[in-house]
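Novice:
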Amino acid sequence: MEIKGKYVIAYDTICDGMQCETEGKENKDLPVLYDSPADANWEIFCDAMSGLNGTDDDYFKETGLDKKKVLSEMKKLKEDGDSNKMRDYLQTTEGANYYDEHCESAETFVLGRKTIWTGKGITILGTKLEDI
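See below:
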């Protein structure tokens, strides 16, 4: 698998550490690779929009987001097509990044990355994608 110059959509989980999207049932262990941060950020934005659109009102009460307003703003940003503005919107609008995803270089991403505090110091676990 060639990862040089590629990007992944990453998210953190409590139990399994840092994870990324995978390629479905047959290739579930292979990450989905994007050719640019713009491509990955576009997908992150669309995921967030879909998640917000389908969630219940409790989420909006908890985050303080105005559902109608935030979805309207996101729709406009998507129509404009500037992935940098989409990324910035998710980073600056608390709760808008529904799945708490981010773009990361596949070369630096560590699958399952966890920081473990031990009596002897810090241990970092995980597998670089080049080792999969």
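Position one of the sequence shown corresponds to residue 1 (the working numbering), numbered consecutively onward.
Even for Gly, the Cβ is constructed at its ideal location relative to N, Cα and C.
Bear in mind the structure is a predicted one, so any value in this text is a computation, not a measurement.
(1) Output yes or no for whether 9 Å exceeds the beta carbon distance between G121 and M18.
(2) Below 6 Å CB to CB, which residues in the same chain sit around M74 once its five sequence neighbours on both sides are set aside?
(3) Since G81 sits in a beta bridge, which residues does DSSP pair it with?
(4) Along the chain, which unbroken stretches of the alpha helix (DSSP H) at least 4 residues long are found entirely within the stretch 76 to 125?
(5) Measuring only the C-alpha atoms, how far is R87 from V8?
(6) Between which residues of its own chain and L65 is the CB-CB distance below 6 Å, once the five residues before and five after are set aside?
(7) Cutting at 7 Å between CB atoms, please list the residues of its own chain near G51, excluding the five before and the five after it.
(8) Sorted by chain position, which residues of the same chain lie with C-beta nearer than 8 Å to I124's C-beta, five sequence neighbours on each side aside?
(9) Which same chain residues end up closer than 7 Å to I3 when comparing Cβ atoms and leaving out the 5 residues on each side of it in sequence?
(10) Give the C-beta separation of A10 and E104 to the nearest angstrom, bearing in mind that I take them to be a contact with Cβ-Cβ under 8 Å.
(11) What separation, rounded to the nearest whole angstrom, lies between the Cα atoms of F60 and P31?
(12) Quick one: what's got a C-beta closer than 7 Å to T22's C-beta in the same chain, skipping five residues either side?
Specialist: Taking the definition as stated:
(1) Cβ distance not < 9 Å, so G121 and M18 don't count as in contact.
(2) Cβ neighbours of M74 beyond the five flanking positions: M49.
(3) Residue pairing by DSSP places G81 in no beta bridge whatsoever.
(4) Every alpha helix (DSSP H) stretch that sits fully inside the stretch 76 to 125 and reaches 4 residues is listed by chain position as 83 to 92.
(5) Near 14 Å, if we compare the C-alpha coordinates of V8 and R87.
(6) Excluding five sequence positions before and after L65, the CB atoms of its chain that fall closer than 6 Å to its own CB belong to G95, given in chain order.
(7) Answer for G51: Y98, Y99, listed in chain order.
(8) Closer than 8 Å at the Cβ level, and outside the excluded window around I124, lie V110, R113, K114, T115, I116.
(9) Answer for I3: L33, A106, E107, L129, E130, listed in chain order.
(10) That belief holds up - the Cβ atoms of A10 and E104 are roughly 5 Å apart, short of 8 Å.
(11) Each residue's alpha carbon lies about 31 Å from the other.
(12) Result list for T22: K28, D29, L30, P31, V32, in chain order.
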